[in-house]
Each structure stands twice: as structure tokens, then as C-alpha cells.
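Only one structure is covered here, and it is reproduced in the block below.
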Amino acid sequence: MKLEIVASVIVNRIDSYLIDYLLGKSAVQVLAGLLLFLGASTQALAEDGTVLAKQFPELQQLLLAHDVVQARTYEEISITNSSPTAAIGQRVLMETLQALEESRGSHYHSAGDHSAMLGPHRVFESRATPGLLGVIREDHNAAEVRTALADIGNLPPIAVETLQRGRLFVEQLIEVYLNPAYEDKKAAVSQVVQDYLSVHEHSIAYLPKSDELLSDHDYAYAYNAGFPQLSGLTWASQWLKVALLEVLITAPDKESRDADIQNLLDIYGEKITRLHGSMVSLPSDIPTNPVIAPNFYSAHPDAAYILDNLELLKVVIGDILAHPEVENRIGAIELAVANYTDKESDLAKETDYLLYVLRGGIYNAGGPARGGLTQPDRNWTREQSETPHVSSNPMAM
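Okay, so the sequence shown: first residue is 39 according to this note's numbering, each after it adds one.
Next up, the structure:
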């Protein structure tokens, strides 16, 4: 986000707090809200000064790499589709999509076995994957990350800005839980959500969106079915973010938190390690908060829905870029952004949303935040499950 945009948002929010004061809110309430907002907003101006950057630089670099990997993944997909040698893979993909269309039962969930990582464009993926792994392990700065999505040139401006604001939103949530200055975590997260939603056209819905937006659009499943390793790499990074929020909200003390974060880094490292030339440990399903971070979801459902809807939007954009028969990709992406920033239409009931996201199982989505699940759990009975879905630590608020 450009400095002038950040400054404009800050000025607008200060004006709104002054209006609150004039309308009768106490000076203490107004000042508390203003301080919370400024504490979150200044991340966009000085990201290197965060607790995350100071205390967990390796973790910060991996989180910064997420947007770069997402951008490069979109770029590699576009390059593949423009190659004359991709014709066979495109034909196989269309046959796969036709079979999925006829089954209508997967709801974007994967079987999760090793073969799910072998897509129709596997030769292109095998060439692109080492470079993307290099991106993950490189050092990144905020300025580079802010332009990563715009630089690839295949996304409309509204998509770029919406995804960038989403990245800042996640960083602010993480900072709230890492920074002891935010004593009332629940109030701080609520303020971050309120300020995020203040820019309507570039903020994702804070309520669950219908799974039809993901599973029933014209190009559904092309991202994962066409490029399972590339999509899996982006989902591994998303798993890291969501799992981090879960361990932050449940760690009983600083020592436990730090140990959990190191364990998180170890688990993530295993996910992005190539075995026998393939990425067999990547998530084959979309990591969502009810699946990976149930305690964070319970404490902050509006923030969790924003994060999940943001990731679903990224998948739909991936579908549009991966499908070989899209006539107007820019227009289709703009429509997808409009659907996910719409706060009133295509909403789902909470129970329907939970059924939808939990259907794919925890293992396929990357596994619990603290690990411990070593085999697919999809379709397990209660008696078969030895590991409860909730976090192994009680929620510490």
C-alpha cells in the first residue's frame, strides 16, 4: 500500500473518531479506539518495527514470501497456458474438470493421496517448483512484497489492492497477539476488523460466503486439478498463517508460545521438502480457520471469515487463470472480487459453512497447528479419531 493511501485512511479514521466524540462517546473510549487503530495502521508504514520482525525474523520472512509465491504461482500458470506444448495437459485438465462437474460431490475437496499431486501440467510444475521454493527461502522486504502481485501483470487493479489489504490485515492480527501492548486482545482484533472493513470496495466479507462461489463457477477446480503442486505451495503458506494464529491464541505463556512457533516452522519446513522429486506433504485442500484454527475461529469469527474468504478468492482467481478456455480473464477476476467483497449477497449459514469446510478433513488441509495427525482423517467416525479437532491447548485469552 502506498504511503499516501495509508495516510489518507489514517486521516479518515481520525475524523471518524472525532465525530464519535462529538456524538457523545467518552474521551477514554475514543482515545482507546484511536490508539488501537494507529497501532495497527503504522505497520504499513514501519513493518520492520513489529514484534514479529524483531523476535521472529525467520517467520516474518516466510509470511512475506506468501504473497510473492502467490504472485509467481499465478505467473507460472499464465506462462504454462500460453505455451504451445501445454495443449495435451490442457486437454487432460478439461477431461478432469468434466468428470468433477458430473460428480458434483467433491466441493473442491481432494482425496488427498499422493496421486493428487500429479497434475496434467506436471512437467511445467516440476520446472517451476524449485524456483518457487527458492522464493520461499529468500529474504524479502515489505516494498518488494507490496508490488509482487501488480508486477506479474495478469491481475486487475481491484484484485491487486484487495489482496494487498488482506495481507496487511493478517499482519495486524498477528501483531495484536504477539505485542503485549495490546492487553485486551479481543477488543484489539475487533478494532482491526472495523478498520479493515472501512474501505468497502477492497475489503472481503466478514460473514461466510456460499460455497457455490468456489465450487460452482464456470472455471471451478482448475487451480487445484491443473496445478496441484503450485496450489499446494500457496496453501502451505496459508496453513502457516492460520496455524500461527491458532498457537498464538492458545499458548498459555511466552515460553510455550515460542516453542510452538519453532514447532510450527519445523512442520512447515517438512511440508515444502521435496521427496523423490515430488512434493508429497503439501496440503491438497484449502486451509481454513474452523479446520486449522478452531480456537481463533471461535474467538474471532468475523476475522476468521475474512481470512477464509480471502483465501477462497485467491483460489477462484487461480481457477480463472488456470482454466484454458476463459475468454476474458480480467473481467472474470473482477467479478470474483466483487462477489467476495459483497457483504450482503451469497452468504451461507454458519452450520452449512462448517459442514462444507470440515468435509475435506484436517489432514488434507495441512493438519493441526501443533501437528500430530499422520494420516488422512476424512470420513473417520468419532471412535476412529484419537486426536480431537480442537487445539491441544485450551484457549488462553
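We put the CB at the ideal spot given by N, CA and C, even for glycine.
Separation of ASP323 and MET155 (C-alpha to C-alpha, rounded to the nearest whole angstrom) is 11 Å. Following the DSSP letters along the chain, one finds VAL364 in no alpha helix (DSSP H), marked with neither H nor E.
PHE162: member of the alpha helix (DSSP H) spanning 160-175, first to last residue. Runs of alpha helix (DSSP H) with 4 or more residues, each lying fully within the segment 263-340, are found at 266-288, 292-309, 327-330, 332-337, listed in chain order.
A buried status is given to LEU278, since no fewer than 16 other beta-carbon atoms sit within 10 Å of its beta-carbon. Comparing alpha carbon positions, the residue from ALA274, SER336, VAL364, ALA360 closest to LEU170 is ALA274.
C-alpha of ILE368 to C-alpha of LYS352: approximately 14 Å in a straight line.
Counting along the chain, the unbroken alpha helix (DSSP H) around ALA180 starts and ends at 180-189. Of the other Cβ atoms in all chains shown, fewer than 16 fall within 10 Å of the Cβ of ALA125; this residue is therefore exposed. Under the Cβ criterion (8 Å, minimum of three pairs), the segment 332-352 does not count as touching the segment 298-306. Secondary structure of LEU235 (DSSP, three-state): coil.
Between ALA258 and ILE330, the CB-CB gap reaches or exceeds 8 Å. With respect to GLU382, PRO246 sits apart: the two C-beta atoms are not nearer than 8 Å. DSSP places LEU245 outside both helix and strand once states are collapsed to three, so it counts as coil. Bridge partners of LEU201 according to DSSP: none are assigned. Boundaries for ASN192: no alpha helix (DSSP H) harbours it, and the DSSP string shows neither H nor E there.
Its chain contains SER241, TYR244 as the residues whose beta carbon lies nearer than 7 Å to that of LEU235, once the 5 sequence neighbours on both sides are disregarded; these appear in chain order. Remark: C-beta atoms of LEU268 and LEU90 do not approach each other more closely than 8 Å.
Per the coordinates, the alpha-carbon of LYS224 lies some 8 Å from the alpha-carbon of HIS338.
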